[in-house]
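See below for the structure under consideration.
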Amino acid sequence: MNKFNSKVLLGAALLGSMSVAGVHAQSPDEALAALAEQTLSLGPNGEEPVAASEVSLTDEELAEIREMDATAAIVMHYGGDDWSQAQIAGLEAQFEDMGIEVIATTDAGFSSSKQVSDIETIMAQRPDIIVSIPTDPTATASAYRQAAEAGTTLVFMDNVPTDFVPGEDYVSVVSADNYGNGVASAHLMAKALDEEGQIGIVYHAADFFVTRQRYDAFKATIEENYPQIEIVAEQGIGGPDFTGDADRTASSMMVSNPGIDGIWAVWDVPAEGVIAAARANGRDDLVITTIDLGENVAIDMARDGFIKGLGAQRPYDQGVTEALLAGYGLLDKEAPDYVALPALPVEKDNLLDAWQTVYATKAPSTIVDSMN
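Here the sequence shown stands for residues -25 to -1, 1 to 347, where the numbers follow mature numbering (1 follows the signal peptide of the UniProt record, and there is no 0).
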């Protein structure tokens, strides 16, 4: 696995360890309840988090922005999941309210070279704003640097390009509490296993800040809080076929470790591959926890299937916050360096309410009907 900025990892690990240590004597349910009161993630450069509720624009500032006739582009790392689509929906809704036209939305398919090409193509249209999540912080840095030097206002999701300085090269970065969601998914795993058993970990084998935070948090929480749970296998997946890669990886884990009781997947799309592997291997009793509330894993959870719990992000609200921060950039208004939205533990009991929170809309019939 690629190594990240040591300061960032140390800060996240220390913060997570302090929080984990604070709930060591608690039950999984008590530990999950405590997550609502704290944000555990640090920013990509070790920044302390600022709550999204503190990001706002006055009526006068909104009126000033609407008179600018500004344009924006949304440059995604990947667009083929519910999280990405919710981010885009939040951005589009808030940009429309601000009178900002979205002139392009791109999907790099997790390819850094494709994302660089996307940025170069978009810059020909001279957008005032780019909101983006870099696929690779180093490989894409030059393209983002050129956009910044051209005067484009940059706001990032989750990750930032290498050597970029907040307040100088970009306005801010907005993220979910990915460390907190990793902690949540660990407590949910422990709860489903009655705090004992053997588990495997399917992580993201890439230089990607937020997925590394999830992995670090999940592993640390299990190791420090649940001595009767043994991690017997770990393997990374690189994509772009994350579902297929996770299917093959999980199958290998189950064959090599026939007594395995649970597998953690780094987000919902790989978790779908773990579900397929469990079915193919006749492991109807396998416990799976993950991060991100996608429709397919929600349906499985609603049916009392393999997914027993997950930590959810709040992508719609994240998109709204990113659009507001773009407004800060247009106005030269001082912005927080790093904004984080709290983790949201999800189980079947709160699934429908969680869907409303995550996507700002009622759960689709596919999920509602599965609850019955």
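By construction, the Cβ of each residue, glycine as well, lies at the ideal position given by its N, Cα and C atoms.
First and last residue of the uninterrupted beta strand (DSSP E) at residue i
i, result
"ASP4", "Run containing ASP4: none in the beta strand (DSSP E); it sits in the alpha helix (DSSP H), 3 to 10."
"GLU270", "Taken as a continuous stretch (DSSP letters only), GLU270 belongs to no beta strand (DSSP E), being part of the alpha helix (DSSP H) at 270 to 277."
"ALA47", "46 to 51"
"THR81", "76 to 82"
"GLN210", "204 to 212"
"VAL321", "319 to 321"
Unbroken alpha helix (DSSP H) run spanning residue i, endpoints
i, result
"LYS337", "LYS337 -> no alpha helix (DSSP H), and no H or E assigned at all."
"ASP191", "184 to 200"
Under the three-state DSSP convention, the category residue i falls into
i, result
"HIS179", "strand"
"residue 350", "The question about residue 350 has no answer, for the chain in this structure spans -25 to 347."
"PHE131", "strand"
"GLU71", "helix"
"GLU35", "helix"
"ALA329", "helix"
"GLN60", "helix"
"VAL343", "helix"
"GLY219", "helix"
"VAL(-6)", "Model confidence at VAL(-6) stands at a pLDDT of 41, short of 50, so the residue's coordinates are unreliable and nothing is read from them."
Within-8 Å CB hit, residue i to chain D
i, result
"ALA161", "Annotation note: the requested chain D is absent from the structure, which comprises a single protein chain."
Residues near residue i by beta carbon distance below 8 Å, same chain, minus five either side
i, result
"ARG41", "MET73 and GLY74"
"SER86", "THR110 and PRO215"
"ASN232", "GLN173, GLY175, VAL207 and ALA208"
"VAL230", "ASN256"
"MET51", "SER59, GLN62, ILE63, THR80, THR81, ASP82, ALA83, SER107 and ILE108"
Close beta carbons around residue i, own chain, < 6 Å, minus the five adjacent residues each side
i, result
"GLY304", "THR128 and VAL146"
"VAL241", "TYR178, HIS179, THR186 and ARG189"
"PHE184", "PRO19 and ASN134"
"TRP330", "ALA338"
"GLN210", "THR224"
"residue 386", "No answer is possible for residue 386: the residues shown for the chain start at -25 and end at 347."
"ASN271", "GLU247"
Same chain, Cβ closer than 7 Å to residue i, five either side skipped, listed in chain order
i, result
"GLN62", "MET132, PRO290, GLN293 and GLY294"
"THR332", "ARG289 and LEU319"
"GLU297", "LEU66, VAL106, VAL130, MET132 and VAL149"
"THR14", "PRO24, ASP152, GLY155, ALA315 and PRO317"
"ALA277", "LYS323, LEU326, ILE342, SER345 and MET346"
"THR115", "SER87, GLN90, VAL91, PRO109 and PRO136"
"TYR334", "ALA61 and TYR291"
"SER16", "ALA(-14), PRO24, SER150, ASP152, ASN153, TYR154, GLY155, GLN188 and ALA315"
"GLU95", "ALA118"
"ALA64", "TYR291 and GLY294"
"ALA11", "PRO317"
Residue i CB to nearest heavy atom of the ligand MG below 7 Å
i, result
"THR46", "Of ligands this structure carries none, so the ligand MG is not represented either."
Quiz item: Which parts of the stretch 226 to 314 are runs of the alpha helix (DSSP H), unbroken and 4 residues or longer, counting only runs that do not cross its ends?
Solution: The stretch 226 to 314 contains these whole alpha helix (DSSP H) runs: 243 to 255, 270 to 277 and 290 to 306.
Quiz item: Okay, do the stretch 201 to 208 and the stretch 167 to 176 touch, 3+ Cβ pairs below 8 Å being the bar?
Solution: Enough Cβ pairs lie closer than 8 Å, so yes.
Quiz item: Would you say the stretch 285 to 302 touches the stretch 262 to 277, given that touching needs at least three Cβ pairs under 8 Å?
Solution: Verdict: yes, contact present.
Quiz item: What runs of the beta strand (DSSP E), each 3 residues or longer, lie entirely inside the stretch 91 to 170?
Solution: Qualifying beta strand (DSSP E) stretches, in chain order: 104 to 107, 128 to 132 and 148 to 151.
Quiz item: Counting pairs of beta carbons, one from the stretch 240 to 250 and one from the stretch 211 to 223, are three or more of them closer than 8 Å?
Solution: Pairwise C-beta distances place the stretch 240 to 250 in contact with the stretch 211 to 223, as three or more of them are shorter than 8 Å.
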